[in-house]
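What follows is one structure encoded as structure tokens, with my remarks underneath.
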Amino acid sequence: EILEKSSPHEQMACFASHFEDRYLPLHPSFREEMCEDDYYELLREIPIIVMGFGWEDYHELDSARLGAQLMSYLFESPWEGYDEGEAGERVALVDGFAPEYQREAQRVPDNGITLDAAKRILRGKKWLGLRNWAQYINMSTGNWFLDTDDEMRYSGMQNDWVKETVEAMSKEWLQAQVFYDKMMDFAGWLEDGKEGPARFKQTIDFILAHLEEGV
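Read in order, the letters of the sequence shown are residues -15 to 199 in the numbering used here.
Rendered as structure tokens:
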């Protein structure tokens, strides 16, 4: 079927579709026929998608979904101490919240909760998505797809077309999806049009009540 296609673009798009059905998605440029009209980009390495939360993602949170903004505001910036503008970023972020969320956000410690504190406090199934988010924005999930952003991807080692590599990456991709879905579920829980602000308050209440424990 693949070789029946008339052009390299169409052949690579067909291959990408079949590969995704069996293993994991390739870069969308292949399925959308937006890559170069030869096989070089496909043959030189496995052109996979990474999901890491990098510097640009943090600084563009104002355009992210509300749940991602709320979760991020709870935690210390991953670039705390490295970027002098982080305090301003947090102020700008909370200024964009609706009043009912702003009121609760004012109770969060000035620089947010550290990753270590998040791991210690946010235990149990209810808080799993929020704990995942704290690890995700700090690139410390332990999952290659989630801890690698585009900049790291293109400056790092290549992933060769080896069967064992493909199978291992396919397994890790599925794990990344489960981890990511938990975060998005929690984001949706906070965004609820009726209960969202109360749930945000409940979350902050829980964090503050346990923040000093074990310190």
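Note that CB positions come from ideal geometry on N, CA and C, so glycine has one too.
Helix, strand or coil at residue i [DSSP, three-state]
i	result
Leu195	coil
Phe(-1)	helix
Phe81	coil
Ile121	helix
Ile(-14)	coil
Phe14	helix
Phe190	helix
Phe59	strand
Segment limits, alpha helix (DSSP H) that includes residue i
i	result
Tyr7	Premise fails: Tyr7 is in no alpha helix (DSSP H) and is neither H nor E.
Leu106	Careful: Leu106 lies outside any alpha helix (DSSP H) and carries neither H nor E.
Sub-7 Å separation of residue i and residue j beta-carbons
i	j	result
Pro62	Asn122	yes
Ala160	Phe190	no
Val92	Leu54	no
Leu174	Gly51	yes
Ile105	His11	no
Trp111	Met167	no
Gly36	Asp131	yes
Trp145	Leu8	no
Pro181	Glu60	no
Phe(-1)	Ile(-14)	yes
Gly113	Asp169	yes
Integer Cβ distance of residue i from residue j, believed to fall under 8 Å
i	j	result
Arg28	Gln186	About 50 Å separates the two Cβ atoms, so there is no contact after all.
Val34	Asp134	6 Å
Ala76	Asp41	Not a contact, Cβ separation roughly 15 Å.
Arg49	Ala171	6 Å
Minimum Cβ-Cβ distance from residue i to chain B less than 7 Å
i	result
His2	The structure shown contains no chain B; it is built from a single protein chain.
- Which parts of the segment 17 to 47 are runs of the alpha helix (DSSP H), unbroken and 4 residues or longer, counting only runs that do not cross its ends? 24 to 27 and 39 to 43
- Any alpha helix (DSSP H) of 4 or more consecutive residues that is wholly inside the segment 132 to 169: 134 to 139
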